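Working notes, structure below.
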Amino acid sequence: IKIKSHKRPTFQNLLKYMINDKDRLFDSEGRSFAITHNLKGDSITAWTKQFQANELMRQRKRTDSVYLTHEILSFHKEDAKNITLSKMEAMAREYIKQRNPKGLYVAVPHFDKEHYHIHICASGVDKTGMSLRLPKADLQKLKIEIQSYQHLNFPELAKSLVNHRQSRVNNKNI
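In structure tokens form, the structure reads like this:
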């Protein structure tokens, strides 16, 4: 899981990239998916307007507010033979559910640089106007929970598992 914050309301630019980019993933029959959570309509323009309207609900306005986040769920290239669009869609839906189901999201699968991944555009605030910011401890918990879901439901994607419980500090005995 990678999360990049945007402090400008560039919803439309990110959505255009996600939906129209040459790296968007389609199966052999030309099918793909675009999850739109808490959004209506089927166009970038409609979604952008809803993201902008939702931003007006923000309860705490700051000059450095995060308007949206670009979130990416990545899979290891060695798991490519086991990945399907339906598995990616299930992972994205579970991620959104665990992240915060009150948020506004668009999720789209991509494939480039030899690996599969899902781009997610998430509003900076949920439907009630509260921030969707994730403190480090909550992000760590989310990573562990979504990985547990993946391990339980898609054990064949073993190369994509990361030990999030492992300390990044090298403890040496002196």
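This note's numbering puts the first residue of the sequence shown at 6, with every later residue one more than the last.
Even glycine gets a Cβ: it sits at the ideal position worked out from N, Cα and C.
Nothing here was measured: the structure is a model prediction, and the numbers come from that model.
| Candidates 32, 53, 73: closest to residue 136 by CA position | 73
| field | Span of the beta strand (DSSP E), counted from its first residue to its last, around residue 9 | value | Per DSSP, residue 9 belongs to the beta strand (DSSP E) from 7-11.
| Going by the beta-carbon positions, is the gap between residue 8 and residue 111 smaller than 8 Å? | no
| message | For the pair the segment 9-20 and the segment 96-105, tell me if three or more CB-CB distances fall below 8 Å. | response | no
| message | Looking at residue 121: is its Cβ nearer than 8 Å to the Cβ of residue 85? | response | yes
| residue 10 versus residue 77: straight-line alpha-carbon distance, rounded | 12 Å
| query | Using DSSP with H/G/I as helix, E/B as strand and the rest coil, what is residue 73? | reply | strand
| query | Between the C-alpha atoms of residue 43 and residue 59, what's the straight-line distance to the nearest angstrom? | reply | 11 Å
| said: I believe residue 80 touches residue 162 by the beta-carbon criterion, under 8 Å. Please report the beta-carbon distance rounded to the nearest angstrom. | reply: Approximately 6 Å separates the beta-carbon atoms of residue 80 and residue 162; this is inside 8 Å, confirming the contact.
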